[in-house]
Amino acid sequence: MVTTSISPSPSPGVSTALEAAIPLAYQSAGLSVLPARLPGKRPALGAWKDYQTRLPTTVEVGAWFANPHSACCLICGPVSGNLEMLDFDCAGEAFAAWSELVTAEAPGLLDRLVIETSPSGGWHVAYRCAEPVCGNFKIAERREDVAGPQEIERFGKTYRPRQDRDGHWHVVLTLIETRGDGGLFLCAPSTGYTLVQGAFTALPVLRPDEREVLVRCAWALNTVLPEPQDPRPLPAESGAAGHRPGDEFNRRGDLPALLQRHGWTMVRAGQNQHWCRPGKANGTSATLTDGIFYVFSSSAAPFEPQRAYRAFAVYALLEHAGDFAAASAALRQQGYGQDAPAGGLDGAGVDLAGLLPAASAAPPFDIQVFADTPERVIDWLWPGVIPRGMVSLIGGKQGLGKSFLICDLAARVSAGRAMPDGSVPPVGAVLLLAREDDASCVLLPRLRAAGADLQRICWSVFAHPTTGTPIDLAAHVSFLVEAATTRAFTLIVVDTFAAFAPAGTDANAAQDVRLLLDALTRLARQTGAAVVVVAHLRKSGQGDGDAMDAIAGSAQMTAGVRVASLLDKGHDDGERWFRVVKSNLGRIDENGWTWRFAWPDPFAEGASEVPRIAWSSAGDAYAAQDAGRKGGAPVVDRDALAATITEVLATGPRSVRATCEVVVATLRKEQPRLRIADVEVAIGDLLKDPLAPITAWEGPRRSRLLGLSGSQSESPDARAHRLAQGDPTQSVRHLKALAGCRTETASEALRQAKAHP
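Take 7 as the starting number for the sequence shown in the working numbering and just add one per residue.
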């Protein structure tokens, strides 16, 4: 059994050079083992990402360790049979307390684990899981207050202090974190690593409930708690502070007694109390510190895991099923908030003061006089392109290098290097919200090639740290506001809009697009950071003739941002053209800039395999192209346009948008300056003409359909059979949308069309 009194002794036979026998045994046990470098704790291979998904062969392992290596590492996750490791940092200061908690809750579990010590005095606890493990995440942290902003060293690591909302400088030290899917760790017999218990060739396989014990006991040692997030925001303060029953209960309510009344058990007293949920005899499910109830168990309904609650929120959830009005009324009857002004109560005694307008004649919404409004000077991160405190957009086709562009901009901000126009931004921190590109094998090499200060750049997929479930950014932008305020991010990139849009978002629906853009606007305003949204282009590309039409989704995508820029192909092979296409903040330099990939010298020692971006100003050819595009109103052949619309609809009804896109694509060569807006105008003119050969009607989900005159008079079933005979290869979904019929009808029509062509 592992106890805190263990004094590890070096494993016999460990030297500065590893023999191949032990790594080969690891490989034979189904572990992805690689040679490693002690400085940096990284694999000693130029390209090793492949071994995150496949085991190295016996020949590969033998060849690697035929040469002298002082360290080896194991890749965690599915490739190694769902291997996971708990890393106890800060000289392992939390290991003893964690061991006691695990032993108390699950006797015998600790004895089955593989445990080793690290050169810094830390501990590694390794095991396999019966189910897939998530990626790396931090479990327990502690805060240490410091005197000022000067960097400090703790346990061999350098930390840069930051300020909290009260202006206090502090650092946050990670006590316990995991190495999971995609992660790795150095292990015995590497120099300085000593096995204390078990062997990596005989890792135990834990059930989900056993793994939960290990993680939950680690959560119990976390002292850096999030701000309490009540299920519903409390009413705003009104009149004298603390008059509301909920506020007073937060101050003097007996929360321990309330918890015990509902089956919770205190398992450890003191300033940081440990509580066990109902239905369990031991173990820690939550902590109570300074009046904040922090729950980390996933089986403690009605509470959510990894969430903090004030006393009033706990009372409302346990006593009134989350009904805050009923909870407030009940507390008032118990004597809480009795000194509140009578005008703030409704007939049931519920405190509504924060929701009612003041007694004065002032309106209950914001009305301000321009004469009293201070003028705001725009603070540019990149003058004319990226404003601070606002949302801007960068659009581009897939494969053109948008992520390279974002990494280049992030590198310039993090290192304080000049922008392409020569302006120098202040050195700042950057947050990349990226769900499409892998951080470790895509973004990291590109940032390094761009010369970024990696200490100043963070990344996130904005997901739950334990389950990996994506978090709705629009609904929980407050999480980002808090993180951005704490870390003082200068630039926040959302890559891409589609990846972070809430589930069910219709990119062509203005209200859906506005939902996320409004949340990002609040983020920019409240933090002062420059928020950049990356967006794709329509499948039809830029052939519509108007750069603004190229951005995929609703027109709100560009209308909702202050500055929109576009990345496109340049005139020459390999050249990219980047320019501003919309700005509400001043004059636009529409010629923009061009860039190419600058590849490193392949013969230079240690050369990177990743290119960087080399910028230059757009030349005269781009100025001429822009002048041609903006030289006047588009020259459109109206007769040809009307004829093409009729030809397109002759193949069957289409939505207005689909009709416009097909017409523009058909006439692209003859009318290169034709825009979707021109086609929409032409369709409107045709519909006004009583002799025109086309008609319009409302289709499924209130979509507007177009077709030749007389096609609407068909029943949906008849239209489905006619269209199916014309194209038996189309999908059921497509036919259903065109005909406005049921799925069963469309399926039967296509079956008959194929059987009797």
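Glycine residues also receive a C-beta, built at the ideal position from the N, C-alpha and C atoms.
Just mark residue i as buried or exposed, buried being the case when its beta carbon has 16 or more other beta carbons within 10 Å.
i	result
residue 583	buried
residue 742	buried
residue 270	buried
residue 376	exposed
residue 681	buried
residue 291	buried
residue 281	buried
residue 747	buried
residue 88	buried
residue 676	exposed
residue 712	buried
residue 373	exposed
residue 163	exposed
residue 228	buried
residue 737	exposed
residue 623	exposed
residue 173	exposed
residue 64	exposed
residue 363	Unreliable positioning characterises residue 363 in this predicted model, as indicated by a pLDDT of 44, which lies under 50. A coordinate reading is not provided.
residue 277	exposed
residue 105	buried
residue 703	exposed
residue 429	exposed
Can you find the residues in the same chain that come closer than 7 Å, C-beta to C-beta, to residue i, ignoring five residues on each side of it along the sequence?
i	result
residue 2	With the chain covering only 7 through 763, there is no way to say anything about residue 2.
residue 384	393 and 591
residue 18	The predicted position of residue 18 is uncertain, since its pLDDT is 37 and thus under 50; no value can be drawn from it.
residue 760	734
residue 699	652, 714 and 715
residue 317	255, 256, 259, 261 and 297
residue 410	452 and 619
residue 100	94, 146, 181, 182 and 227
So, for residue i: in the same chain, excluding its five sequence neighbours on each side, which residues have a beta-carbon less than 6 Å away from its beta-carbon?
i	result
residue 431	387 and 419
residue 658	729 and 744
residue 38	57, 61, 81, 85 and 86
residue 437	464, 495 and 498
residue 308	323
Rank the options by C-alpha distance to the C-alpha of residue i and give the top, closest one.
i	options	result
residue 182	234, 219 and 144	144
residue 493	435, 441 and 508	435
residue 300	319, 285 and 286	319
residue 778	333, 594 and 577	Any property of residue 778 remains undetermined from this structure, which presents the chain solely from 7 to 763.
residue 652	714, 623, 599 and 688	714
residue 402	71, 501 and 464	501
residue 710	259, 226 and 686	686
residue 186	328, 156 and 474	474
residue 767	308, 616, 310 and 426	Because the chain in this structure spans residues 7 to 763, residue 767 falls outside the shown range and cannot be described.
residue 177	189, 194, 155 and 190	155
residue 126	117, 200, 75 and 158	200
residue 132	460, 66 and 221	221
residue 602	565, 577 and 439	577
residue 190	644, 425, 41 and 224	41
residue 71	25, 43 and 33	25
residue 648	289, 621 and 697	697
On the DSSP bridge assignment, give the partners of residue i in chain order.
i	result
residue 278	295
residue 536	497
residue 129	94 and 123
residue 176	151 and 168
residue 212	135
residue 78	41 and 193
residue 711	661 and 703
residue 301	292 and 313
residue 542	402
residue 601	582 and 621
residue 574	583
Between residue i and the rest of its own chain, which residues show a CB-CB distance below 8 Å, the 5 nearest in sequence each way excluded?
i	result
residue 654	660, 665, 668, 669 and 672
residue 35	206, 207, 208 and 209
residue 447	55
residue 656	714
residue 311	301, 302, 303, 304 and 472
Exercise. Would you call the segment 531-546 and the segment 395-402 touching, i.e. three or more CB-CB distances under 8 Å?
Worked result: yes
For this session: Could you tell me whether the segment 203-223 touches the segment 134-152, where touching means 3 or more Cβ pairs closer than 8 Å?
Result: yes
Problem set entry | Segment contact flag, the segment 69-87 with the segment 96-115, C-beta cutoff 8 Å, min 3 pairs | no
Exercise. Does the segment 475-485 touch the segment 443-461, meaning 3 or more C-beta pairs lie closer than 8 Å?
Worked result: no
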